[in-house]
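Taking the UniProt record's numbering, the leading residue of the sequence shown gets 1, the next gets one more, and so forth. Every residue gets a Cβ at the ideal spot worked out from N, C-alpha and C, and that includes glycine. Since the structure is predicted, the reported quantities are computational estimates derived from the model, not experimental observations. Notes follow once the structure below has been shown.
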Amino acid sequence: MLLTVCYAYLTFTAASRVARRKMKILNLVRQYALASGLSFKSGKPEYLCHLTQEISASVFWEETSASKKYTEVVLWREDDNRMTIIQPKPKVDLDEWTSFIGSARPLTPTTRVRSGQVLLLLEATLPAREDDGKGEELPLSQSVPLTRLSEPLAWRSGDPYGLLVSTDVEGLGELGLAFMDSRLKLDDGMEAVQMISVDTSGNSQDLLSLYSRKLKSPGQNNSGDNNKELGGLRLDLPNRQQLREESTEVEGQLSCGDTPKVRSVQNSGQVDDGSLQDTMSAEFDERDSPEMLTKLQAKPPNILVYTGSKDSQTERNKFEQVREFLQQCLGPDHYIIYRLKHDQVLSHPWAENTILLVAATQEQFEDSVNQKFEKFVEDGGRLLSFCSHFNMGLDVQPLPFLSGEVGVHSMVYRPLEGAATELKVYVTGRCYTPRLKAHQGSTAFKVIGTMKSGNQPVILHAYAGYKGGRAILSQVHLEMSPTEDDVKGTEMFTQLKKSNPQRYQVLQDLLTTLGMTCSQGTQTALTPAQLLVTEDALQDTVVQAISSHLDENNALRGGKVSLLFVDGDTEANAATPEELPVLVGGAAESFNWQVYQENLQTGTLGKVVLYTEVIPTTMTVLDRLSSCVPEDTGLIAIAHRQTSGQGRGGNVWLSPLGCAMFTLHVRIPLQSELGHRLPFIQHIMSLAVVDSVRTLPGYQDIDLRLKWPNDIYYGDSMKLGGVIVNSSIVGNNCSAFIGCGFNVSNSNPTICINDLVKQHNKLHNTSLPEFTTEELIAHAVTITEEIIQEFQENGSDSFLQRYYSRWLHSEQKVHLSSEEGPEATILGLDDSGFLSVVKNGGEIVSVQPDGNTFDMLRNLITIKS
């Protein structure tokens, strides 16, 4: 028995050390990766006593000026491995680098990685070999492949070998841990000796252009063996050149039909119909202009998926299939994916609130649906079609060698930038033809995908209308994974599985072409929580109250999430959606506790904080805890990041880093002014968020507003926050959990408060400081308590006067239920906190927030579905 206890203790202690080390390294990565050159190195350092040292530039870095040297500071050291930061951040000149075949495109200044991503330079060599000529192999289950956490961009041969990849901060943290543990796996038996986050200059070269520039002299005959070796790579050049020639040939075929409305960008022939010249520019704008990107960013980040006219299980399964691949391809925390049902296509105002429409059904479209989708594209919308009959006026015909049968075959994808890629795909048996049906408007097409056998066009890029509308039309099932039921037999599965990486590269390139943000991120692991209390005496009271409700495992059970309490100096077990370890005391490394305390000026609210770095949602962790602590305890749950944030009406709330996310618990006596008007609670919280900024000196003109019933807006155009309230009656009190999320410093995917501050500084030549999430959460909680006290003492009148000064709807004309519904004028909030409107006939109607929403674009109050 004693041995068992000792073994359990030693196991727990070892696991605690590992978890503590991992958390420390990950936090250092989050702190330094973007601003500095964060480096992981192996080998004995040249200096042993100094933590800071001047160093020479690597062979891949640009040299600094004579007066400015590279400085390296050691952050972490383990044996011969160390983690350092290097200033200034090293820069790599890409002019002599080569883009990877099959990568999205060569790396140029216009295709830099997006915000939040990291460019990572790896220097690699061949490892030492054993006597049998083989290097030491790490078991596959223990290794961490570089390609799983990053996207290869460019390479440079030599010793050491240079490799440039892109990843995100979390991915860099995982790669750094793997490097420190000697578990990082590179292809071809290479071994990384250093990796460092860098900036870049210059342009990497396409493999073909680099080969042409370095190996082919003018007038040289290439009719012989063109298989060359460059930097240790065997190249099959004639096939790739042939692919490009075939691409030009097919584009010419498609653009030479009976009607001039279809043309290739490379076709310089005469256009018979002069109206095309009048309505379309002479060039095919393959990439979005800055103005068009701005318009896209202003749209809500909603992606709609249409799977057909029947609400069948087959269509629901198809939606899940499409949603899964979109979530894997698109940037995390950027988009929300919904299903567009058939009856909503014509009855709902979805087009203005949709950044991308995906059509994924093989049934024939009704004319009204087809026209609606065409108008969406012509008005500037973005559409991605997978094997549907939405073809922008083009006809389709059977593939000659398939006679309309489905199956797995080879195709060639030619991105707008970069080298062609060959892959196996599941085809419909159809391809596009150049003959047009009757079609209004002007549409230009570019072939970007053809079948390898026969060169028939199967993927087109369409540029439609005059407002920047784009569509990708595909007659191959790129959305279909190798594990789908339609994939029959081992051979078909194997063929598709081998091409799966290329399939995702193609999908990401198509989505990027349509203006979407794509990135490869890792699934963020849930973390334990910390119980932080502003006063020592209050902490003793709270801990004592909680202790009396714990079971033999120090667990507080009974709520949606069980809380497992451990001492702050002890390493906690891993968190799960059902069980959340809670450390009592200690410090939260990613939460500035001092800033929060300095800005919190309350008597009760917000003084007991349950802080979690990563959690599914803060809305479910306080319900059981709130019943265990004294009634005057001000509980608040705060998250650095949520993986399943909740919005009103079952909507999803994106929760990227830089977003303030919390759930505040309040108790309202039922026999009180606010207890008689509980719907006002959400309005109080919304107003508190707006006033947390606008009541500060200098920030009065920051244009934050309130949209009924619970949204926080920039002006009347863009949402940057919202409130949700869950409540229950406990004795003589209402126990309310107020969930709130608003964008503080995350510019993507829409807009944030610090964007408004920077814009104000630019327009008014001021230098107002930007905010932190800790600061604004504390301000908002302070103002919430202030407003509740004032409401309880003076009723709703003084609150409404303050509320109306911030809201968007005074005397606004609206329609109820539909655009043809009765017209009404908004009066304000009634005595219960509901929206009060007066119809044209004089009838006053109260509209409850639950189940209704306000469409700002159409001045329409509708049922929220």
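Tell me which residues share the same chain as residue i and place their Cβ nearer than 8 Å to its Cβ, disregarding the 5 neighbours each side in the sequence.
i: VAL845; result: LEU816, ALA824, SER836, VAL837, VAL838, LYS839
i: LYS719; result: PRO300, LYS707, ASP711, ILE712, TYR713, THR750
i: LEU600; result: THR534, GLY606, LYS607, ALA778, VAL781, THR782
i: ARG105; result: Low confidence applies here, because ARG105 scores a pLDDT of 47, under 50, leaving its location unreliable and the question unanswered by this model.
i: ILE729; result: LEU670, SER735
i: VAL690; result: LEU704, ARG705, LEU706, ILE712, ARG806
i: TYR161; result: GLU123, ALA124, THR125, TRP155, MET190
If you measure between the beta carbons of residue i and residue j, is that distance less than 8 Å?
i: THR361; j: TYR306; result: yes
i: GLU535; j: LYS467; result: no
i: THR98; j: SER204; result: yes
i: ARG667; j: ASN733; result: yes
i: MET516; j: LEU356; result: yes
i: MET190; j: LEU126; result: yes
i: LEU768; j: GLY698; result: yes
i: LYS69; j: SER201; result: no
i: SER805; j: PHE680; result: no
i: GLU151; j: PHE60; result: no
i: GLY658; j: CYS752; result: yes
i: TYR611; j: GLN530; result: yes
i: THR772; j: VAL561; result: no
i: TRP826; j: HIS809; result: It should be pointed out that residue 826 corresponds to Ile in this sequence rather than to Trp. Cβ atoms of ILE826 and HIS809: closer than 8 Å.
i: THR602; j: GLU785; result: yes
Applying the 10 Å Cβ sphere with the 16-neighbour rule, what's the burial state of residue i?
i: ILE459; result: buried
i: VAL629; result: buried
i: THR576; result: exposed
i: ALA192; result: buried
i: ASN746; result: buried
i: ASP159; result: exposed
i: SER347; result: exposed
i: VAL345; result: buried
i: ASN391; result: buried
i: PRO656; result: buried
i: GLN117; result: buried
i: ALA537; result: exposed
i: MET280; result: Only weak support exists for where MET280 lies, its pLDDT of 28 falling under 50; the value from the coordinates is given anyway. Buried, because 16 or more other Cβ atoms sit within 10 Å of the Cβ of MET280.
i: PHE854; result: Here the model assigns PHE854 a pLDDT of 48, short of 50, so the residue's position is not dependable and the matter cannot be decided.
i: GLN313; result: exposed
i: GLY731; result: exposed
Under 6 Å Cβ to Cβ from residue i, same chain only, skipping five residues before and after it: list those, please.
i: GLY739; result: MET619, THR663, ILE724
i: LEU563; result: LEU556, LEU580, VAL582
i: GLU613; result: THR527, SER590, HIS640
i: GLU72; result: GLN53, ILE55, THR84, ILE86
i: GLY173; result: LEU26, VAL29
i: PHE325; result: GLU479
i: PHE319; result: VAL305, THR307, ARG339
i: PHE179; result: PHE40
i: LEU175; result: LEU149
Judging by CA-CA distance, which residue of the options is the nearest neighbour of residue i?
i: ASN553; options: PRO415, MET392, LYS813, PRO581; result: PRO581
i: HIS461; options: SER453, GLY558, SER474; result: SER474
i: MET685; options: VAL781, HIS764, GLU598, GLY731; result: VAL781
i: ALA688; options: VAL358, TRP807, TYR611, HIS676; result: TRP807
i: GLY841; options: PHE325, GLN597, PRO822, ASP199; result: PRO822
i: GLU374; options: GLY429, ILE472, LYS446; result: ILE472
i: ASP830; options: GLN848, THR695, LYS813; result: GLN848
i: ARG77; options: SER58, LYS41, VAL408; result: LYS41
i: LEU621; options: HIS665, VAL595, GLY658, ALA587; result: According to the sequence as given, residue 621 is Val; it is not Leu. The shortest Cα separation from VAL621 among HIS665, VAL595, GLY658, ALA587 belongs to HIS665.
i: LEU121; options: ALA154, LEU149, THR147, ARG148; result: ALA154
i: PHE834; options: LEU511, HIS683, ASN754, PHE771; result: HIS683
Tell me which residues share the same chain as residue i and place their Cβ nearer than 7 Å to its Cβ, disregarding the 5 neighbours each side in the sequence.
i: MET411; result: LEU423, VAL425, GLY449, THR450, MET451, LYS452, VAL458, VAL476
i: LYS644; result: The question names Lys, yet the displayed sequence has Ser at residue 644. Cβ within range, chain order: PRO616, THR617.
i: GLU376; result: Note on identity: in this sequence residue 376 is Phe, with Glu being the wrong assignment. These residues qualify, in order along the chain: ALA351, LEU357, LEU383.
Beta carbon of residue i: closer than 7 Å to some heavy atom of the ligand ATP?
i: ASN455; result: The ligand ATP is absent from the structure shown, which contains no ligands of any kind.
If you scan the segment 519-576 from start to end, which runs of the beta strand (DSSP E) of 3 or more residues do you find wholly inside it?
-> If we require 3 residues or more, the beta strand (DSSP E) runs fully inside the segment 519-576 come out as 529-533, 562-567.
Beta strand (DSSP E) segments (min. 3 residues) lying fully within the segment 786-837 = 813-816, 823-829
Could you tell me which uninterrupted beta strand (DSSP E) segments, each at least 3 residues in length, are contained entirely in the segment 583-621, listed from first to last along the chain?
-> 608-615
Every unbroken alpha helix (DSSP H) inside the segment 740-779 [4 residues or more] | List check, alpha helix (DSSP H) in window: 753-764.
Whole runs of the beta strand (DSSP E) within the segment 136-176, excluding any shorter than 3 residues | 151-156, 161-168
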